[in-house]
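Chains as they are written, first to last, in our numbering: chain H, 301 to 499; chain C, 301 to 499.
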């Protein structure tokens, strides 16, 4: 039986360390990898190792990249005077998919969380302030999440950046496009009402 | 941006080949692997390669195993006269977790599916019949799934094994333990009624 085979248990444990993968899913993935032609396992193993060894964080914005600086920071057609601050690379990826944002990014790699001992020094905040101090930045858009930690971080950044006489904005929060009021939670509705704009 | 980085796209594609992993999940997994300490990627890469290279299929029952024959086929305390036929290794794993089955297994590695060109020769059916012909088997329990293909396969096996004068049984289908009638689908209820037993 596979349950007590060490190499399989290590594989299941490795899958379980990925986000959103529980015990059952990890077992299913492991069984698939072991049942499928060996090529699938080799491709996956190589892809994980290869991508992880090639990818680094951009010295300027902290986003994940192969080149350094990243293609966005190196792109002269982007507007380098507008910096969008996100918690993680996934946030920048999500905005980039929209295809309309022409500014650049700054990835914090986390949010302020005093309970877990994460203060400004643990995040890429000094790098952001340094970019602003160096000049050329006219607006910092804070796109941290709407969690308590994300909001705290937004407030902290707002004070720090404002002190350098650069505009700080927060992305709008409200009812999602196509989302009906009846499917929207209380807090989002409250934000949507507070953030109402004139037609 | 990571979307057009070849090594990352290969990683996302590799994750997408796993069962139940769509585009968004694959992207999330890839971003996690790339953001987390390199040790996570190395562990995963090694675990996939190592497990796949160690695991083979048992020459007797076709189940996935490191040893050959597998620990179940090699276990003299198991009842080798009862053979439970499952579609895939996951089925044997599920039954084995129950911890009460003392017989052995036979893994078909699929089900009959004429539309996809999968006939008896594409499955490990001849191996099963050979085991039965060799003698010592008194019962074959068919535990293929309750899909049309699983039922067709069960019927086919029933005819082939019966012709060798060995008993063929089908696992019971009915209302799951702890499942209320109101949450049970029509077909399962019908099966549960047809398969009623005297109290």
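By construction, the Cβ of each residue, glycine as well, lies at the ideal position given by its N, Cα and C atoms.
Q. In whole angstroms, what is the alpha-carbon distance linking residue 325 of chain C and residue 406 of chain H?
A. When rounded, the separation of the alpha-carbon atoms in residue 325 of chain C and residue 406 of chain H is 24 Å.
Q) Can you give the Cα-Cα distance for residue 482 of chain H and residue 451 of chain H, rounded to whole angstroms? A) Their Cα atoms are separated by approximately 25 Å.
Q | beta strand (DSSP E) segment containing residue 312 of chain C, residue limits | A | Note, residue 312 of chain C: premise wrong, no beta strand (DSSP E); alpha helix (DSSP H) at 306–316.
Q: Say yes only if the C-beta of residue 467 of chain H is nearer than 8 Å to one or more non-hydrogen atoms of the ligand ZN, and no if none qualify.
A: No copy of the ligand ZN occurs in the structure displayed, which carries no ligand at all.
Q.
Taking the straight line between their C-alpha atoms, what separation do you get for residue 403 of chain H and residue 381 of chain H?
A. 7 Å
Q) Is there at least one Cβ from chain C nearer than 9 Å to residue 469 of chain H's Cβ? A) no
Q. Along chain H, in chain order, which residues have C-beta atoms closer than 8 Å to that of residue 428 of chain C?
A. Those within 8 Å of residue 428 of chain C in chain H number zero; the least Cβ separation is about 18 Å.
Q.
According to DSSP, residue 384 of chain H sits in a beta bridge with which residue or residues?
A. H:405, H:441
Q: Output yes or no for whether 9 Å exceeds the beta carbon distance between residue 384 of chain C and residue 373 of chain C.
A: no
Q. Thinking C-alpha only, which one of C:460, C:393, C:328, C:475 is nearest residue 487 of chain C?
A. C:475
Q.
Using a 10 Å radius around the Cβ and a threshold of 16 neighbouring Cβ atoms, would you call residue 389 of chain C buried or exposed?
A. buried
**Q.** Candidates H:439, H:319, H:447, H:305: closest to residue 463 of chain H by CA position
**A.** H:439
(Q) If we define contact as Cβ-Cβ less than 9 Å, is residue 419 of chain H a contact residue for chain C? (A) no
Q) Which residues bound the alpha helix (DSSP H) around residue 328 of chain C? A) 323–335
Q) Closest Cβ-Cβ distance between residue 308 of chain H and chain C: below 9 Å? A) yes
Q | Whole-angstrom distance between residue 437 of chain H and residue 492 of chain H, CA atom to CA atom | A | 29 Å
Q: Might you give, ordered along the chain, the residues of its own chain that have their beta carbon closer than 7 Å to the beta carbon of residue 306 of chain H, omitting 5 neighbours on each side?
A: none
Q) Counting along the chain, where does the beta strand (DSSP E) carrying residue 288 of chain C start and finish? A) This structure cannot speak to residue 288 of chain C, because chain C is shown only from 301 to 499.
Q) Is the shortest distance between the beta-carbon of residue 422 of chain H and the beta-carbons of chain C less than 9 Å? A) no
Q. Is it true that the segment 394–403 of chain C meets the segment 339–347 of chain H, where meeting means three or more beta-carbon pairs spaced less than 8 Å apart?
A. no
Q. In chain order, what residues of the same chain lie with their CB nearer than 6 Å to the CB of residue 360 of chain H, ignoring the 5 residues before and after it?
A. 369, 373
Q: Below 9 Å between beta carbons is the criterion; list the residues of the segment 310–338 of chain C that meet it against any residue of chain H, in chain order.
A: 310, 311, 312, 313, 314, 315, 317, 318, 319, 320, 321, 325, 327, 328, 329, 330, 331, 332, 333, 334, 335, 336, 338
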